[in-house]
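For the sequence shown, the working numbering assigns the number 14 to the initial residue and increments by one for each residue that follows. Glycine residues also receive a C-beta, built at the ideal position from the N, C-alpha and C atoms.
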Amino acid sequence: MSGEPRLGKVYLVGAGPGDPGLLTVRGAEVLSLCDVVVYDALVNTAVLNYAPAEAERIFVGEARAAHRLTHEEILRLLIDRARRGFRVVRLKGGDPFIFGRGGEEAMALRAAGIPFEVVPGVSAGHAAAAYAGIPLTHRGLASSVAFVTGHECAESPRPVQWEAVARAVDTLVVFMGASRLPQIVERLLRAGLAPETPIAIIERGTYSDQRVRVAALGTILAHVAEEPVRSPALIVVGDVVALREPLAWFEERDVFASARL
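Structure follows, in C-alpha cells:
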C-alpha cells in the first residue's frame, strides 16, 4: 500500500448575496461534509453554521482595501489543504463564476492536479435586484441585460466598453461600482443615455438592512452626496428601475413574516 496521503477535493461554492436562505441545497450539502471552510468578507457568516463544528474555518478577507490574504496565498492554502487529504469548501459571496474569481481558482486547482467541483450560487446580480423589486427584464421595457464590473483592475487587458454596453442593452447591472460612481455616470451620459434614465443603488442587497436609493442618472450623484454608499452595493440602470415603487415587496416583509418558511 502506498504511504502517500489521500488527495482531497476543493468545492468552489457560491454562498449567495447575503440572505442565508438563498444558499443552494447542494451548497448546504457539501458544507455539511467538509473538513475546511475558506470564506471571504462577502459571505454571511450564518452560512457557516452548515459546516461541522469541528471543521477548520479560515477567514481570508478580500474586503476592499482590507485583504487578509492575497489571492495567490488563498490559492496556495486551497492546494495545501487538499493535498493533505481534506475536503475543502471555498465559500464565496454570490456565484463563484460571476465576478468571483472562481475561474482563476479552478484553473489553479487544475494545474496543481487537485480535484474540484463548482457549486453555483445565487448571484447578487439578479437577487439583489429582485429583493429591491426590480425585474431585470420586463415585457415592453427590457429584453436584454448586461452584467459589468465597475472596479476594473488597472492591468485589465479588456476594460469595460461603457459606451458600447450602454447602447447595446436595456438593463445594465454594475457590480463593485460604488467607489467609481461619478466616473460610471459620466461615461453613461457621454454614451448617450438620457439624464432622466432611472438608476438604483442597492446597498447590502438581501440583508435585513438593505437600502435602495433611486434617482435619475443625471441627479444620482447629488442624491447620494450627503451619505456615502455602503458596500456591498449593486447598481442597476434602465427603465425597469421605475417598477420598483409598485413592486417593493421586501419593505413589506414584516407583514408576511409569519408566512415565511
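Can you give the Cα-Cα distance for residue i and residue j, rounded to whole angstroms?
{"i": "A28", "j": "G134", "result": "6 angstroms"}
{"i": "L55", "j": "F72", "result": "11 angstroms"}
{"i": "L46", "j": "E258", "result": "43 angstroms"}
{"i": "L247", "j": "E199", "result": "17 angstroms"}
{"i": "L194", "j": "D32", "result": "25 angstroms"}
{"i": "A255", "j": "L36", "result": "29 angstroms"}
{"i": "V102", "j": "Y52", "result": "8 angstroms"}
{"i": "A315", "j": "L149", "result": "Since the first residue shown for the chain is 14 and the last is 274, residue 315 is missing from the structure and cannot be characterised."}
{"i": "E118", "j": "P172", "result": "21 angstroms"}
{"i": "R70", "j": "A181", "result": "43 angstroms"}
{"i": "L44", "j": "T83", "result": "24 angstroms"}
{"i": "R94", "j": "P241", "result": "40 angstroms"}
{"i": "I212", "j": "R81", "result": "33 angstroms"}
{"i": "W157", "j": "V186", "result": "Trp is not the amino acid found at residue 157; the sequence shown has Ser there. Approximately 11 angstroms, taken between the alpha carbons."}
{"i": "R123", "j": "A261", "result": "43 angstroms"}
{"i": "V60", "j": "E42", "result": "12 angstroms"}
For residue i, name the three-state secondary structure that DSSP assigns.
{"i": "A78", "result": "Summary for A78: the model assigns pLDDT 48, below 50, so the residue's position carries little reliability, and this model does not support an answer."}
{"i": "I71", "result": "strand"}
{"i": "I111", "result": "coil"}
{"i": "E216", "result": "strand"}
{"i": "M14", "result": "With a pLDDT of 45 at M14, under the threshold of 50, the modelled position of this residue cannot be trusted; read the value that follows with caution. Coil, per DSSP."}
{"i": "V23", "result": "strand"}
{"i": "P33", "result": "helix"}
{"i": "F99", "result": "coil"}
{"i": "A228", "result": "strand"}
{"i": "H151", "result": "strand"}
{"i": "L104", "result": "strand"}
{"i": "V198", "result": "helix"}
{"i": "L206", "result": "coil"}
{"i": "T58", "result": "helix"}
{"i": "R266", "result": "helix"}
{"i": "E240", "result": "coil"}
{"i": "A64", "result": "coil"}
{"i": "D222", "result": "coil"}
{"i": "S192", "result": "helix"}
Is the beta carbon of residue i sitting closer than 7 angstroms to the one on residue j?
{"i": "A137", "j": "P30", "result": "yes"}
{"i": "G251", "j": "D183", "result": "yes"}
{"i": "P109", "j": "K22", "result": "no"}
{"i": "V249", "j": "I92", "result": "no"}
{"i": "G40", "j": "V26", "result": "yes"}
{"i": "R226", "j": "R243", "result": "no"}
{"i": "G153", "j": "G190", "result": "no"}
{"i": "L202", "j": "A179", "result": "no"}
{"i": "E176", "j": "A204", "result": "yes"}
{"i": "H151", "j": "V253", "result": "yes"}
{"i": "K105", "j": "G113", "result": "yes"}
{"i": "L90", "j": "A121", "result": "no"}
Would you grab the beta carbon distance between residue i and residue j for me? Rounded to a whole angstrom, and I think it's under 8 angstroms.
{"i": "Y63", "j": "V132", "result": "Going by Cβ atoms, the distance from Y63 to V132 rounds to 12 angstroms, so no, they are not a contact pair."}
{"i": "E209", "j": "A229", "result": "5 angstroms"}
{"i": "I215", "j": "Q223", "result": "7 angstroms"}
{"i": "F263", "j": "A145", "result": "7 angstroms"}
{"i": "L20", "j": "R96", "result": "7 angstroms"}
Tell me the DSSP bridge mates of residue i?
{"i": "L159", "result": "Note on identity: in this sequence residue 159 is Ala, with Leu being the wrong assignment. Bridge partners of A159: L185."}
{"i": "I248", "result": "V187 and I214"}
{"i": "E12", "result": "With the chain covering 14 to 274 only, the question about residue 12 has no answer from this structure."}
{"i": "V49", "result": "E69 and V101"}
For a cutoff of 7 angstroms on Cβ pairs, would you count residue i as touching chain B?
{"i": "V26", "result": "Annotation note: the requested chain B is absent from the structure, which comprises a single protein chain."}
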